[in-house]
Structures are given as C-alpha cells and as structure tokens.
Amino acid sequence: MIEVKHLAKRFAATVHKERRARQRDVRESDGWFHAVRDVSFSCAPGEVLGLLGPNGAGKTTTLRILSTALRPDAGSAFIDDIDIVADPIRARQRVGFLSGSTGLYGRLSARENVEYFGRLHGMAPARLKQRCDALFEQLDMHAYAHKRADDLSTGMKQKCAIARTVVHEPQVVILDEPTTGLDVMSARVLLEFIASYKALRIPLIFSTHHLHEVEKLCDRVCIINRGRSAFNGSVAELRELGGSHDLYDAFVHVIKQEN
Ligand SMILES: Nc1ncnc2c1ncn2[C@@H]1O[C@H](COP(=O)(O)OP(=O)(O)OP(=O)(O)O)[C@@H](O)[C@H]1O
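Numbering-wise (the numbering used here), the sequence shown opens with residue 6 and increments by one.
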C-alpha cells in the first residue's frame with residue numbers, strides 16, 4: 006500500500022528577476038519555488054494509479070519524494086506502513102523506481118545492466134538468471150540482450166531501464182513516464198507489463214501525459230496542478246466531470262477549474 010498525505014517540497018527559486026516579473030507563478034514566494042504544495046493520494050495492492058498533470062505540475066518531484074530520492078518539507082508518505090522520511094532505507098528496499106533521468110552503463114550490454122542491479126540488490130545468481138530470463142521474455146528484449154547499452158535505441162534503453170527497475174521484485178513500483186520514447190508495439194508490451202502487476206497485487210504508480218494509457222490501465226487517478234492534487238478518484242469518477250464522458254474533456258475541466 007502506498008499512502009501520500011499533504012506532501013510539500015520547495016526549491017530555491019532560480020528564475021531570473023526580469024522573467025519573474027513578467028511570468029509570475031503562484032508557487033513562487035520569498036525566494037522559494039513551491040514545486041509541490043499539497044499532494045495526497047493512495048494506491049492499494051492490485052491497483053494501478055495514474056499520475057496526471059500539465060508540464061511542471063510537480064509529478065516527477067512527487068515521485069522522487071516517494072522513491073526517497075528527495076526529502077519532503079512537509080506531509081507524510083508511507084510504503085506498506087513504513088514512513089519514508091523516518092526510515093528511508095527500509096522504504097527504498099521495497100520500491101522499484103524508474104526515473105526519467107536514470108542512465109544505463111553504456112559499455113555494459115542490456116542484460117549486464119539488468120544483472121548488475123540485481124546483484125546490487127543482493128539477488129542469488131540462480132534467482133537473478135531466472136528473473137532476467139523472465140523479464141527479457143516479458144518485455145520482448147531478447148533480440149538486443151547482448152548489445153551494448155550505448156548502441157541501443159531510445160526505446161530499447163527505456164525497456165532496459167524498466168527491467169532494471171523491477172529486477173529485484175519490488176513490493177511497490179513507481180514509473181515516471183514509462184512509455185516515453187517507445188514505439189506503438191513496445192508501448193503495448195509495456196502496458197501489458199504494467200497490467201500484470203494488478204494480478205500480482207503489487208501497487209503500481211505511473212505518471213503519463215497519455216490519457217488512453219489511463220483509460221486502459223488505471224483504477225485510480227490523481228491529477229496534480231501547480232503542485233496540488235486537483236482530483237483524486239476512479240477513472241469512472243473522472244469521466245463524469247467533463248460533461249461528455251470523455252477523459253480528455255474531464256482533464257481539461259479539472260485543470261481549468263483550478264487555474
Ligand atoms: N531541483 C529543482 N530546483 C528548482 N526547481 C525545480 C527542481 N526540480 C523541479 N523543479 C521545478 O518544479 C516544478 C515541477 O517540476 P516536476 O519535474 O516535478 O514537474 P512534472 O509535473 O514532472 O513536469 P513534466 O510533465 O514536464 O515532466 C517545475 O517548475 C520545475 O522547474
């Protein structure tokens with residue numbers, strides 16, 4: 006179970022004075038930029054939660070907090086009842102986190118990259134081999150398993166990063182824009198992969214800008230706008246808001262209401 010309550014995170018404001026005068030953001034005050042101001046959501050075992058929001062809304066910052074890469078300034082977050090602020094190491098062991106900026110080791114092959122992370126997590130060799138075989142099959146990566154990461158395409162790299170994220174069989178999975186750079190067929194493989202976590206009863210959160218992915222996969226949705234959760238509920242509940250039963254209209258309605 007993942008539970009996030011009233012999270013907040015601010016950064017020192019770096020915007021040039023002149024630009025700030027022209028484009029004042031409500032999240033800026035006293036030299037601080039409040040990237041995340043009040044975000045709450047939960048995701049239970051067997052649920053997939055979609056995190057939506059305009060560019061710069063605070064999705065990545067929220068997910069980085071949840072993965073323990075960033076410490077929140079306020080609010081709380083629990084992973085299976087483990088307080089991520091009080092006990093970040095134990096929380097981190099349970100999480101598989103795909104960040105948009107995680108690089109691969111270019112000189113290692115796709116398979117070696119994934120195996121390396123399995124070893125870092127202390128996996129036994131036989132189990133690691135079994136797990137890698139299964140992941141490369143499930144994500145359709147056999148054709149380039151032995152290619153150097155440097156020589157992989159963007160989509161191949163992304164799949165490799167995803168395999169690496171979950172190699173240690175985490176109890177919760179957090180994916181930041183996982184379908185970025187994937188072609189239609191690869192995105193389909195990945196969406197099936199995400200759906201498989203429902204059956205495993207492992208909570209999975211992913212951020213996306215693609216509403217059809219939300220439609221296909223998500224049980225729950227959290228829309229973040231300007232650092233605040235502007236909607237929390239089921240896909241069916243979100244659909245009701247737009248007046249046309251269309252997720253696109255509902256999303257626009259939520260954002261417009263907040264602005
Ligand atoms: N380390 C940082 N220092 C200063 N500002 C930051 C930092 N990290 C994020 N921000 C700012 O916080 C805001 C939220 O960024 P974040 O990456 O969380 O948005 P996002 O919702 O993931 O956006 P996108 O959909 O474009 O990926 C942005 O305005 C960003 O510039």
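Even for Gly, the Cβ is constructed at its ideal location relative to N, Cα and C.
*Can you name, in chain order, every residue of its own chain whose Cβ lies under 8 angstroms from the Cβ of L133, other than the five neighbours on each side?*
Taking the sequence shown and counting its residues from 1, the one referred to as residue 133 is at position 128. Within the same chain, L133 has close Cβ partners E120, G123, R124, V172.
_Quick check: is any heavy atom of ligand 2 less than 8 angstroms from the C-beta of N60?_
For ligand 2, the structure offers nothing, since it holds only ligand 1.
*Count the other CB atoms, across all protein chains shown, that sit within 10 Å of the CB of S34; report buried if there are 16 or more and exposed otherwise.*
Position 29 of the sequence shown, counted from the start, is the residue given in the question as residue 34. Burial call: exposed.
*Go ahead and label H250 buried or exposed: buried means 16 or more other beta carbons lie within 10 angstroms of its beta carbon, across all protein chains shown.*
Counting from 1 along the sequence shown, the entry for residue 250 is found at position 245. Under this definition H250 is an exposed residue.
*With distances taken Cα to Cα, identify the nearest neighbour of K14 among E8, V41, R116.*
Position 9 of the sequence shown, counting from 1, holds the residue named residue 14. If you compare the alpha carbons of E8, V41, R116 with that of K14, the shortest gap goes to V41.
*Closest residue to R116 among D78, R95, M161 (Cα-Cα distance)*: For this step, residue 116 is matched to residue 111 along the sequence shown. For R116, the closest of D78, R95, M161 by C-alpha to C-alpha distance is M161.
*V41: CB within 8 angstroms of a non-hydrogen atom of ligand 1*: For the purposes of this step, residue 41 is taken as residue 36 along the sequence shown, with counting starting at 1. Shortest gap from the CB of V41 to any heavy atom of ligand 1: under 8 angstroms.
*asked:* What does the alpha-carbon distance come out to for the pair P77 and P130?
replied: On the sequence shown, residue 77 is found 72 positions in, with the first residue counted as 1. On the sequence shown, residue 130 is found 125 positions in, with the first residue counted as 1. Between P77 and P130, the C-alpha separation is close to 36 angstroms.
*Hey, how far is the Cα of T170 from the Cα of G101?*
Stepping through the sequence shown from its first residue, residue 170 is reached at position 165. Stepping through the sequence shown from its first residue, residue 101 is reached at position 96. Whole-angstrom Cα-Cα distance: 5 angstroms.
*Helix, strand or coil: which one does DSSP assign to D155?*
Within the sequence shown, residue 155 is the residue found at index 150, counting from 1. Note: D155 maps to helix in three-state DSSP.
*Give the secondary structure of N118 by DSSP, where H, G and I count as helix, E and B as strand, and everything else as coil.*
In the sequence shown, the residue the question calls residue 118 occupies position 113. In this structure, N118 counts as helix in the three-state DSSP scheme.
*Using three-state DSSP, classify E182 as helix, strand or coil.*
Reading the sequence shown from its first residue, position 177 is the one you call residue 182. Correct three-state label for E182: coil.
*Anyone know if the C-beta pair for I228 and L243 falls short of 9 angstroms?*
The residue you call residue 228 lines up with position 223 of the sequence shown. The residue you call residue 243 lines up with position 238 of the sequence shown. For I228 and L243, yes; Cβs fall inside 9 angstroms.
*asked:* Which of the three DSSP states is assigned to A255 in this structure?
replied: On the sequence shown, position 250 is the one that residue 255 refers to. A255 falls in the helix class under three-state DSSP.
*Selection from Q98, A74, A235 that minimises the alpha carbon distance to M128*: Position 123 of the sequence shown, counted from the start, is the residue given in the question as residue 128. For the residues Q98, A74, A235, the minimum Cα distance to M128 belongs to Q98.
*In or out: M146 buried (at least 16 other Cβ within 10 Å) or exposed?*
Within the sequence shown, the letter at position 141 stands for residue 146. Counting Cβ neighbours within 10 Å, M146 comes out buried, since at least 16 surround it.
*Following the continuous beta strand (DSSP E) through E8, name the residue where it begins and the one where it ends.*
Taking the first residue of the sequence shown as 1, we reach residue 8 at position 3. Counting along the chain, the beta strand (DSSP E) containing E8 begins and ends at 7-17.
*For H217, does the three-state DSSP call read helix, strand or coil?*
Indexing the sequence shown from 1 puts residue 217 at position 212. Residue state, collapsed to three classes: helix.
*Relative to ligand 1, is the shortest distance from any of its heavy atoms to the C-beta of I229 smaller than 8 angstroms?*
Residue mapping note: residue 229 aligns to position 224 of the sequence shown, counting from 1. Yes, the beta carbon of I229 sits closer than 8 angstroms to at least one heavy atom of ligand 1.
*asked:* Tell me the residue span of the beta strand (DSSP E) that contains C4.
replied: Lying outside 6 to 264, the shown extent of the chain, residue 4 is not represented and no answer is given.
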